[in-house]
Structures are given as structure tokens and as C-alpha cells.
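Engineer:
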Amino acid sequence: MSDQPKTPGTDHDERETSYDVTAVESKWQRVLEELQPFRADDEAVLSGRKEKRYALTMFPYPSGDLHMGHAEVTALHDVIARYWWQRGYEVLNPMGWDSFGLPAENAAIRNDAHPADYTYGNIDTQLESFRRYGVSFDWSRRFNTSDPEYYRWTQWLFLRLHEKGLAYRKNSPVNWCPQDQTVLANEQVVDGACERCGAEVTKRELTQWYFRTTAYAQELLDSLDDLQPTWSSKVVNAQRNWIGRSEGAHVDFVVEGREEPLTVYTTRPDTLFGATFMVVAADAPLAAELVTPEQQEALDAYLVEVRKETEIARLATDRPKTGVFLGVHATNPLTGTRIPVYAADYVLADYGTGAIMAVPGQDQRDWEFAQVFDLPIIRTVQPPEGFDGEAYTGDGPAINSANDEIDLSGMGVDEAKRTAITYLEGRGLGRGTVNYRLRDWLLSRQRYWGAPIPIVHCPEHGEVPVPEDQLPLLLPDLRGADLKPKGTSPLGAATDWVETTCPTCGGPARRDTDTMDTFVDSSWYFLRYVSPHDETQAFDTRLANAWGPIDLYVGGDEHAVLHLLYARFFTKALRDMGLVAWDEPFSAYLSQGKVINGGRKMSKSLGNGVNLGEQLELFGVDAVRLTLVFASPPEDNIDWADVSPAGALKFLQRAWRLSGDVTSAPGTDPADGDRALRQVTHRTVRDAESLVESHRFNVVVARTMELVNATRKAIDSGPGAADPAVREAVEAVAVLLSLVAPYVAEEMWERLGHEPSVARAGWPTVEESLLVQESVTAVVQVRGKVRARLEVAPDISEADLEAAALADEAVQRALEGAEVRKVVVRAPKLVNIVV
Ligand code: ANZ
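Here you go:
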């Protein structure tokens, strides 16, 4: 990096004094640890004495030391938390560790360490880094999800969900990561690969534990409307798509030689006249049921191939269609035609009913299948003139869609759908239905480092919950055992632990050997923070209702559907148990961009990683934090190659210098101070309020820089250092900087003659009379050249500004003879005349 200073804090360009970054940091770290200015006071909120704010940022996995990503998200998040303190709220801003789970376990195995040793070692390191980094966390509330005092309650909540039928076990084809040797939730499969390790995911038939997230599908979808204004639309859309509501119908087909009908799910009941064959998922039990003995062998051979495929590949539209005839026929209920039933991989076992009516005229995959197997194609929607594609999926008048009882001819798709559903329902042939793409959440893992599932399997009594007074069900230590992924849970090897007695009958029984997905731990941690040391309950409902919901949650996009959806599900389920009064956990969600370097993601293989510790050594905490906040709007990526932490430090030195120049006494009434400077100060403070609230933190920094410049000018070539307006301005700078650069802000505050901490000094009171702006300068351009500057009222209308611009002499001269083609007006600052 070219712009490194020789020693932190020394500024060789300017001969003035500068502060010693390291000394200031360690001094204030010590003082603040003593003062504890950020302890959240439950009583203040419970009694209604103070209004609350709950600020939360995603807690880290302890898989190494803190990195630039952590530095960014906490710096951004801290602007809001500190701002709320300054505005007089009681703020809950807790932090802890998401310390169970695969990332920590895999890293421990790589490092030849026991996951507990590895995890807790990293937590100590990260804690120390966090403390130095000066985030306004209330450390008295910290916990780790792998602490027995915490997971005791994770297990307790599991049992509550189990009791309500919201946690259950079933046998079904599941996602399997061959690398991590464990099952994965649908949400953890990204483009067909394991979200953690990138290995291609395959399917396995297994008995696993699930949370019934689908019970809340509609509500999870509906409340997105309320979250829309305060959540990033990217996340809202991702959740909407993930829940994937569609409206359609279940239609029953009679199958020869079978009593039960074959029911399909279709979003296009209007196309039923064009259903010329049926397809069931090759790997669904249905296929095995329907197949005739003659076709059994063909199906078995086909299944071997299908089992090797990933879901993504199966759904791809651009691959040749394969399948086998099952030997049976069904009847199209509207046409009475005999249609063959096939098994194929492009129909999925776990969506809809696992069977479809194939309409090749309107569905491209069905079209391709019909081509391969030489099946009839009947169009039931008239394609527009000139259409030369294959299946036509658009709207248009229905054709070939009439029998003695129903005639859809000429209807558009929507009307035809409604008419078809009414008819099917009247005849008992089908019913309108809503379907969701969302699946239940597969939560059991065949790995060691997680909360054991508190269930005992008894040959007599089946699944028996571990009695509450036996919680936590401790994870066996297994020190020295081989924890490498091998497909079955390592807990199975802890014979003493596994072999137990049934809580119901006392007979021999076995413990469940799976552990819970780490996303279970993080689905309720925000509730634990309200009463983190409570030994009698998971969380105190009264406190949860007083502090919650979270007013701002800051985190990355990568958890858009995983963690955020799971936490929403947990909240709704706990609400229905009467444990919490809110419907949604996170009132607002801000997703921060990433820190990249040289246009690319930082990575070991590219060698472009930026080490946080090194940056802190070079430039200090304040400058690094300021750089991250100033670089861009929070949602955007920050390219470390484009920013200048040295420049940030220079600015902080300049701000700090102001605090030494002030000569008026603390408490001096600013009323008689220089009006021009006072106006800048008060406008900056007022604008900062809405800027922080709308998360434009980078602009707050820019405005603070302007205020520093204006103050420097006032000292050097204006009313001078003794003017009370100068003190007022510098105090405002210290408070503004306390949101971003906490250590130097404290140092400035002290030099200004105040007691610590500036972080709790309170927000400056804005004098409205100083905000009135008498006039602004409007620039008038002709052919892109500035031709005039007009002093106008700040609230001038576009029409008045345009008239004033065209009337200006210099503008008229520039227009001489030319024809005005367009006038672009941006009141009150710009008029652009195109000729
Ligand atoms: C007949 C039809 C005609 C369909 C047509 C579409 C177009 P969404 O919107 O995603 O819910 N389908 C149903 N179950 C399936 C499964 N298990 N695997 C693969 N495909 C399945 O999609 C619903 C549509 O996807 C259904 O409507 C069905 O095909 C197919 F012109 O039925 B349709």
C-alpha cells in the first residue's frame, strides 16, 4: 500500500502537532471498560422511563480471528447503536458467539483439535479484538451457543416444538453432502452444491428430524408486506421466491386397475384438455406402486441413474428428457382419452403430489418429453400469429377445450382456470388449491459439534422426550475420538451415552445420536440476550416484550433465506405458545456489502486478503472504522484498493487539532457566536439525524468533514479560536465522530474540558432559527458551459427558476440566435439549457 504513514498518528505533511493513536486507543479503552457506558438498563425500559432501541448485528462463528467483514458490519451497525444512545434511548446492543456447527467443527478437525478447545480459543481471540475495536456492545450479556447454559434452552425449545407437533421425524429423500457427510436443509443447497463446502449435493433416503416451517408458510409470506419498507427488497424477494406460493388445482385421474385416483398438482387446470400423458417422479414411492411387473426392471435400471443426479440438473430445461413407461394407463377426465403414465426425473418427488399431468402444448419440458417418446401434442391455447416456438406458455384464447358439459373456448387463461376449477369441484374431480415451494426445515445433522437432540428412542414407547429436569442433555466429550465425517453421527460411538433407559418405562432405550443444525441455535439467540443468565427459563417474556422486536438488524445477504427465515418461523411459533408478543423478530434489516480488494473477493488463492490486525496496527481503530463507514453506502461493496485509511487518519488528526485550538471555556453560551459558522453546525447536526436514520452513514462522515473545514477556516481566517461558535462547532464534531471514531472523539471531548464519555454526552440541540437558509446559488449551463450563477430562494419552484435563468443577460447572450431544444431544471441548484 502506497499511502502508509511511517508511524501511526504522525503527520509529516503538516508541522502541527498530532495525537499518538496507540496511546489514545489504549487510554480510552481502559477508561471505557471502567465506565461501562453501554450497559442496557432493563428497569429503565420496563418502567417506561426511557424509550428502548434494540440494535443487533449477526453474531460470528468463531472460526478464526475477526476479519475485514466483521470490522465492516460492526462499524456500520455501531453508528446506529451509538446514535440511539446519543438521542437519549436506552439501547440494547448485545454480542455473543454462534459457536456450534459445521464451520467450527471442520476447522477444528483440520487443525487436529477438539472442537471445544478450538472454538473457545478462537472466541477469546475474537473477544479481545472486538474489545479493542471499540464497538458499543453490552458485554455483560454475552454468551456462546455451545455453552450448556444456552443449549439447555435450545433443547427445551425443541421439546416445546415437538410437543406442538412442529418438530417431527420422517423418512424421505434428503439432500446429502458427500464431503461433509451430513444431510443439508434445502436452504443450505445453493445451485445444487453444499452451502459450506461447495461439494455437489446428492439425494439419500433417510429418517430425519424436521421443523414444520410449512405450517407458517402463508403467514411468513403475508408479513413480508409489512417488512417491505424497512427490509432490503433483495431479501424480501428472495424470501418470497423461496416460500414460492402458487395457486392451482389438484386433479384426480382414474388409473386402470387401481382403486385410488392418481392426483396431480397443476397451476394450469385450464389446459386439462391437452393432457396427453402423465409423469410421476421416478424416485417417489408412487412410481414403485404404479409400475407393472413387466416394467419393474426398466424402472429399477432408470432409478440407478436418477439417484446420481442433482436437483438442479433434474430441473434443467436444456437437457434431453429421459424416463420409462410404467405399464399403466390413466383416463383424462375431460376427454375420456386413455393416456400413458411414465416415470421421469424432471418431476420431483417432494413437490406438489410428485406427479403431473403433462400438457406438451403449453409446457416446454412436457413438449420435449413428448418428442422423445412420440406422444401426442394438443394445443389448448391459441398462440399469437407468427409464433414459431414449441410449447406456448403465454396467454391467449382457449382452443380444443370443449366437451358435452364444459366449453372453455375463447376464454383467456385466468378465466379458463377459474371455470375449469369450478367444474372440477362440482364433479368431484378436483379442487382448487394453494401450493408452496417451501419445505419443512430438516434440522438433524450427523455431526458432533451441535446440541444433542433431547429424544430417547424406546422400543416400547417410541420417541420419548428427555424430561426437562434432565436438561441440558450434555454433549459427550469424545476427546480423542475420530470426529471426521463418516456418514453416521459420531455420538453413536459414545456407547455409555447412547445406551440409556426410557423415561417412561425405565426399560433399555437409545438416545437420538443426531445433533441440531447450528441454525437452530441462531433462531432464538436474540431472545436470550434479554435475560442471558436466567437459569429458570429460556428468556424472560416480560423483558422480551419490553426490548423487542429488534429495531435494526445488520448482516449479510448470504443469510437472506436461511437464518432470517428460520428466525421468523421460530418467532411466530413462540408467539403462538404465548412466549413472546411480537409477530416478527426484525423490524428493519440492513444488509451490508462486502469488503473486496482490487475488484475481487478476498481469498487466499488470489493472495489479495487484507489482514484486519495489520490495518489496525498501521492506522488505528478509528481510522479503519472511519474508512469503512465513509467508503460507500452500507449496502455497497467496499474495494479496499480504492480507499485511503491514511487519508482517514489525516482527517482525524485535523479534527483532533481543532479541540486543542478552542480557547473559550466549557459551557460558554454560543448565542453570540459567529452566525455563519453556527448555521453550518446546526445544519450539519440536523441533516445527520435523517442521514443516520436512513442509513446514509457515509454522507454523515462527508458532512462532518465539511464542518471540520468550516471550523478550521473560522479559526484561521474568521472570527478566531475564542469565538463561542467555534467551541460549539468542535463539540458537535466530537459528538458526530463518537458514532464512527470513538477513541479520538473521547480524546477531543476531554481536551474540550468535559468529563467522559462523549458517547453518552447527548445529541446537540438544534436551533431551528439557524436552519433558515436565505439563498442558494443556482448554476445555469448553456451547451454544458456555466454561463451564470443566480442567487435564489432555496424553495424556488422549477418554473420560476427556469424563467429566471432564461431572463438572465449572460444566458441570453449565450443563446443568441440558437433554438432552445430542452431545459433541464433541478431546483434550486441547476438549470441546463440544451440548444
Ligand atoms: C400442467 C401444466 C400445464 C403445468 C402447463 C404447467 C404448465 P409451480 O408454479 O412452480 O408451482 N409440477 C407439479 N408438480 C411437479 C413436480 N413434483 N415436479 C416437477 N414439476 C411439477 O409449478 C407447478 C407446475 O409444475 C404444475 O403445473 C406442473 O405442471 C408442474 F401448461 O401442470 B403444470
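Numbering-wise (this note's numbering), the sequence shown opens with residue -3 and increments by one.
Each residue gets a CB set at the ideal place from its N, CA and C atoms; glycine is no exception.
Going by CA-CA distance only, name the one from V368, L608, I592 and G616 that's closest to A627.
Structural biologist: It is I592.
Engineer: Is it right to say V516 is buried, meaning 16 or more other beta carbons lie within 10 angstroms of its own, or is it exposed?
Structural biologist: Under this definition V516 is a buried residue.
Engineer: Pop quiz: K317 and R361 are said to be a contact at Cβ under 8 Å. What is the actual Cβ separation, rounded to whole angstroms?
Structural biologist: Yes, they are in contact, since the Cβ atoms of K317 and R361 sit about 7 Å apart, within 8 Å.
Engineer: If you compare alpha carbons, which of P455, L299, S527 and R475 is closest to E495?
Structural biologist: Checking every option, the nearest Cα to that of E495 belongs to P455.
Engineer: As a quick exercise: from V740, P504 and F565, pick the residue whose alpha carbon is nearest that of V519.
Structural biologist: Per the sequence shown, the amino acid found at residue 519 is Ser instead of Val. The option with the nearest alpha carbon to S519 is F565.
Engineer: Assuming the contact rule is C-beta atoms closer than 8 Å, T773 and A728 should be a hit. Round their C-beta distance to whole Å, please.
Structural biologist: Contact doesn't hold; Cβ gap of about 25 Å is too wide.
Engineer: Exposed or buried, Q769, counting other C-beta atoms within 10 Å across all chains shown (16 or more means buried)?
Structural biologist: With fewer than 16 other Cβ atoms within 10 Å, it is exposed.
Engineer: Starting from the C-beta of R148, find all residues in its chain whose C-beta is less than 6 Å away, skip the five residues before and the five after it, and write them out in chain order.
Structural biologist: Counting only Cβ-Cβ distances below 6 Å, and skipping sequence neighbours, we find L467 and P468.
Engineer: DSSP on I374, reduced to helix/strand/coil?
Structural biologist: Residue state, collapsed to three classes: coil.
Engineer: Which partner residues does A348 have in the DSSP bridge list?
Structural biologist: Note that residue 348 corresponds to Gly in the displayed sequence, not to Ala. Per DSSP, none; premise fails for G348.
Engineer: For the alpha helix (DSSP H) holding A725, just list the boundary residues, first then last.
Structural biologist: It spans P720 to L733 - the alpha helix (DSSP H) in which A725 sits, taken as one unbroken run.
Engineer: In its own chain, which residues sit with a C-beta less than 7 Å from the C-beta of A71, not counting the 5 before and 5 after it?
Structural biologist: R621, L624 and V625.
Engineer: Strictly by DSSP, which residues pair up with I634?
Structural biologist: BP columns for I634 point to V591.
Engineer: Quick check on C190: buried or exposed, where buried means 16 or more other Cβ atoms within 10 Å of its Cβ?
Structural biologist: C190 comes out buried.
Engineer: Which residue marks the beginning of the alpha helix (DSSP H) containing Q291, and which one marks its end?
Structural biologist: Here the alpha helix (DSSP H) through Q291 covers P289 to V302.
Engineer: Are the beta-carbon atoms of V275 and L282 separated by less than 7 Å?
Structural biologist: No, the pair does not count as a contact, with Cβ atoms beyond the cut-off.
Engineer: Give the DSSP bridge partners of Q204, in chain order.
Structural biologist: Answer is K166.
Engineer: Buried or exposed: G406, going by 16 or more other Cβ atoms within 10 Å of its Cβ?
Structural biologist: Exposed.
Engineer: Using only the alpha-carbon positions, how far apart do V337 and F321 sit?
Structural biologist: Their Cα atoms are separated by approximately 6 Å.
Engineer: Measure how close the beta-carbons of D74 and Q122 come, nearest whole angstrom, since I'm counting them as under 8 Å.
Structural biologist: Between Q122 and D74 the Cβ distance is about 16 Å, and since that is not below 8 Å, they are no contact.
Engineer: Can you name the start and end residues of the alpha helix (DSSP H) that Y116 belongs to?
Structural biologist: Run containing Y116: P111 to Y129, per the alpha helix (DSSP H) assignment.
Engineer: What are the start and end residues of the beta strand (DSSP E) that includes Y50?
Structural biologist: Its beta strand (DSSP E) spans residues K48 to T53.
Engineer: Alpha carbon to alpha carbon, how far is E689 from G65? Give it in angstroms, no decimals.
Structural biologist: Straight-line Cα distance between these residues: approximately 22 Å.
Engineer: Apart from the five residues on each side of it in sequence, which residues of its chain come closer than 6 Å, Cβ to Cβ, to D9?
Structural biologist: With a pLDDT of only 46 at D9, under the threshold of 50, the placement of this residue in the model should not be trusted, and no figure is reported.
Engineer: Under 6 Å from any heavy atom of the ligand ANZ, does the C-beta of D436 make it?
Structural biologist: Every heavy atom of the ligand ANZ is 6 Å or more from the Cβ of D436, so no.
Engineer: Quick one: what's got a C-beta closer than 6 Å to D(-1)'s C-beta in the same chain, skipping five residues either side?
Structural biologist: Low per-residue confidence applies at D(-1): pLDDT is 45, beneath 50, and the placement is therefore not dependable enough to give any value.
Engineer: Which of helix, strand or coil does DSSP assign to N237?
Structural biologist: Residue state, collapsed to three classes: helix.
Engineer: With three or more C-beta pairs closer than 8 Å as the rule, is the stretch 390 to 407 touching the stretch 202 to 216?
Structural biologist: The stretch 202 to 216, when compared against the stretch 390 to 407, does not touch it at the 8 Å Cβ threshold.
Engineer: Could you give the DSSP three-state label for H750: helix, strand or coil?
Structural biologist: H750 falls in the coil class under three-state DSSP.
Engineer: Could you name the residues of the same chain whose beta carbon sits closer than 8 Å to that of T429, not counting the 5 residues immediately before and after it, in chain order?
Structural biologist: These residues qualify, in order along the chain: E243, G244, A245, H246 and Y261.
Engineer: Within a Cβ cutoff of 8 Å, which residues of the same chain sit near Y15, ignoring the five residues on either side of it in sequence?
Structural biologist: Excluding positions up to five away in sequence, the list reads G5, Q649, W652, V740 and E743.
Engineer: Quick check: is any heavy atom of the ligand ANZ less than 6 Å from the C-beta of I239?
Structural biologist: No, the beta carbon of I239 sits no closer than 6 Å to any heavy atom of the ligand ANZ.
Engineer: Per DSSP, what kind of secondary structure is M512 in: helix, strand or coil?
Structural biologist: Here M512 sits in strand by DSSP.
Engineer: What would DSSP say about L262, mapped onto helix, strand or coil?
Structural biologist: Residue 262 is actually Thr in this sequence, not Leu. Three-state result, T262: strand.
Engineer: Looking at R78: is its Cβ nearer than 7 Å to the Cβ of S43?
Structural biologist: Taking 7 Å as the Cβ cut-off, R78 and S43 do not qualify as a contacting pair.
Engineer: For N328, which residues from the same chain have a beta carbon less than 6 Å from its beta carbon, with the 5 sequence-adjacent residues on both sides left out?
Structural biologist: Same-chain partners within the cutoff: A271 and I335.
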